[in-house]
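In our numbering, the protein residues as written are 27 to 214. For every residue, glycine included, the Cβ atom is placed at its ideal position computed from N, Cα and C. I have placed the structure first, in the form of structure tokens, so that the comments after it can refer back to it.
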Ligand SMILES: CC(C)(COP(=O)(O)OP(=O)(O)OC[C@H]1O[C@@H](n2cnc3c(N)ncnc32)[C@H](O)[C@@H]1OP(=O)(O)O)[C@@H](O)C(=O)NCCC(=O)NCCS
């Protein structure tokens, strides 16, 4: 895996040493409440280390997942969030951003580059992501990317069981949108 780049961000492949900064930023109710209930809560003091060492890094080694940490080009030593792609039937992308950096369009920017990687480097035919209907920021990112809701269901999140939607975009739809002038969020 290589480091990816957007106009404001470096997306650096995950390393075990990233657990220290993740452990500080990630365990916030606003971040975890609409994440799947496999995220332990209350978050244990070794939660990030355990997840990276036992789940994320082994999946990367097997070629089943691609995890990056997000860093502002202006301050690359500070981890500000994470984005991941996963080989799976219905859950192919996940992301979170530290609270101080939310609301500036940063995850929209990261999603453009990472979604393009899914289709045009890894070569998958479709990308699917389930989201809690109440998770407005996450849904808005899918909407802006030209994704469609293909199913509705209930799912269990850290904060409880809620209505959810399965969003999808195909490679053909992605590349058609990408080629259309004025529809692509700012990347490079
Ligand atoms: C989801 C998340 C990564 C978004 O990161 P971000 O960098 O703040 O998102 P962006 O700034 O790129 O903006 C996302 C869009 O949602 C909109 N948005 C943000 N908060 C919103 C809210 N509460 N209600 C409605 N829209 C909202 C933004 O205005 C923006 O849309 P716009 O470009 O049309 O203005 C961040 O909120 C987060 O970490 N949430 C917790 C983890 C999570 O839920 N992950 C996804 C699981 S499916």
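Sequence-distant residues of its chain with Cβ nearer than 6 angstroms to residue i (five each side left out)
{"i": "residue 200", "result": "145"}
{"i": "residue 187", "result": "180"}
{"i": "residue 102", "result": "36"}
Cβ-based burial, residue i [other Cβ within 10 Å; buried from 16]
{"i": "residue 173", "result": "buried"}
{"i": "residue 87", "result": "exposed"}
{"i": "residue 42", "result": "exposed"}
{"i": "residue 109", "result": "buried"}
{"i": "residue 55", "result": "exposed"}
{"i": "residue 154", "result": "buried"}
{"i": "residue 81", "result": "exposed"}
Residue j beta carbon less than 8 angstroms from that of residue i
{"i": "residue 96", "j": "residue 148", "result": "no"}
{"i": "residue 33", "j": "residue 138", "result": "no"}
{"i": "residue 94", "j": "residue 39", "result": "yes"}
{"i": "residue 194", "j": "residue 178", "result": "no"}
{"i": "residue 57", "j": "residue 106", "result": "no"}
{"i": "residue 156", "j": "residue 180", "result": "no"}
{"i": "residue 60", "j": "residue 160", "result": "yes"}
{"i": "residue 119", "j": "residue 90", "result": "no"}
{"i": "residue 223", "j": "residue 182", "result": "Absent from the structure is residue 223, since the part of the chain shown begins at 27 and ends at 214."}
{"i": "residue 162", "j": "residue 99", "result": "no"}
{"i": "residue 104", "j": "residue 74", "result": "no"}
Start and end residues, alpha helix (DSSP H) containing residue i
{"i": "residue 143", "result": "132-146"}
{"i": "residue 55", "result": "55-58"}
{"i": "residue 106", "result": "Premise fails: residue 106 lies in the beta strand (DSSP E), 105-112, not in any alpha helix (DSSP H)."}
{"i": "residue 78", "result": "First-last for residue 78: undefined, no H or E at that position."}
Start and end residues, beta strand (DSSP E) containing residue i
{"i": "residue 202", "result": "Note, residue 202: premise wrong, no beta strand (DSSP E); alpha helix (DSSP H) at 197-205."}
{"i": "residue 180", "result": "174-183"}
{"i": "residue 34", "result": "Neither: residue 34 is in no beta strand (DSSP E) and is coded neither H nor E."}
Proximity test, Cβ basis, 8 angstroms: residue i and chain C
{"i": "residue 173", "result": "Absent here is chain C; the protein component of the structure consists of one chain."}
7 angstroms CB neighbourhood of residue i in its chain, flanking five on each side removed
{"i": "residue 184", "result": "58, 59, 61, 63, 65 and 67"}
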